[in-house]
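Following: one structure in structure tokens, then a few remarks.
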């Protein structure tokens, strides 16, 4: 069965972020038969979900029901990854994941520029409502689903409160590292662990 890894970057990031590039290179070098997918995510949460559903159901990738999918999500990408993993019962690795992104991103309402793509776009109040709606629409993780997650956080995360992720995923596999930052220092050294978690 075909295997796909879907990597979801964070807010104002891109497929060319250092973690995305490190993951792409690692899986290409060590698991060349696996399809590594890292799209440039849309700026609207609603559009992101449509985009991701389209990828998961793409005929060329054999669809979510006819191939094996693994998720890696960083920050806001972790929020979307959790939603998809819950909905489709997929394994997911969440790196310094955003738990309540609408609380953080309300401080970014207004014009933003993506530093990777130079795209100018607007963060709106509606985006915050859409993010809340995603949380409210997702069913609670059942006990068996909790085994689907590997959560990696660093206590030095200067953007998010890592304890929110620890509390939300306290029954899942947790890697809590002292120090570090929001980008997750030493991510490349964790890639073999991620491959092992996915049982590649």
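Residue numbers (the working numbering): 2 to 201.
In this text, a Cβ means the ideal position worked out from N, Cα and C, and glycines have one as well.
These numbers come from a predicted model, not from an experiment.
What are the residues that DSSP puts in a beta bridge with residue i?
{"i": "residue 75", "result": "96"}
{"i": "residue 172", "result": "Partner(s): none; residue 172 has no beta bridge."}
{"i": "residue 37", "result": "6"}
{"i": "residue 151", "result": "94, 174"}
{"i": "residue 122", "result": "113"}
{"i": "residue 69", "result": "4"}
Can residue i be considered in contact with the ligand ADP, in the sense that its beta carbon sits closer than 8 Å to one or more heavy atoms?
{"i": "residue 19", "result": "Only the bare structure without any ligand can be found here, which leaves the ligand ADP out of the picture."}
In chain order, what residues of the same chain lie with their CB nearer than 7 Å to the CB of residue i, ignoring the 5 residues before and after it?
{"i": "residue 170", "result": "150, 152"}
Could you name the residues of the same chain whose beta carbon sits closer than 8 Å to that of residue i, not counting the 5 residues immediately before and after it, in chain order?
{"i": "residue 118", "result": "15, 41"}
{"i": "residue 139", "result": "83, 84, 87, 88"}
Leaving aside the five residues before and after residue i along the sequence, list all residues of the same chain whose C-beta is less than 6 Å from its C-beta, in chain order.
{"i": "residue 102", "result": "77, 80, 132"}
{"i": "residue 43", "result": "49, 52"}
Go ahead and pull the three-state DSSP assignment for residue i.
{"i": "residue 47", "result": "helix"}
{"i": "residue 107", "result": "helix"}
{"i": "residue 167", "result": "helix"}
{"i": "residue 42", "result": "coil"}
{"i": "residue 182", "result": "coil"}
{"i": "residue 13", "result": "coil"}
Name the residue from the options whose alpha carbon lies nearest to the alpha carbon of residue i.
{"i": "residue 8", "options": "155, 130, 92", "result": "92"}
{"i": "residue 104", "options": "160, 68, 178, 115", "result": "160"}
{"i": "residue 107", "options": "115, 4, 128, 68", "result": "128"}
>> Check whether the region 84 to 98 and the region 156 to 175 are in contact - that is, three or more C-beta pairs closer than 8 Å.
In response: yes
>> With three or more beta-carbon pairs closer than 8 Å as the criterion, would you say the region 122 to 136 touches the region 154 to 165?
In response: no
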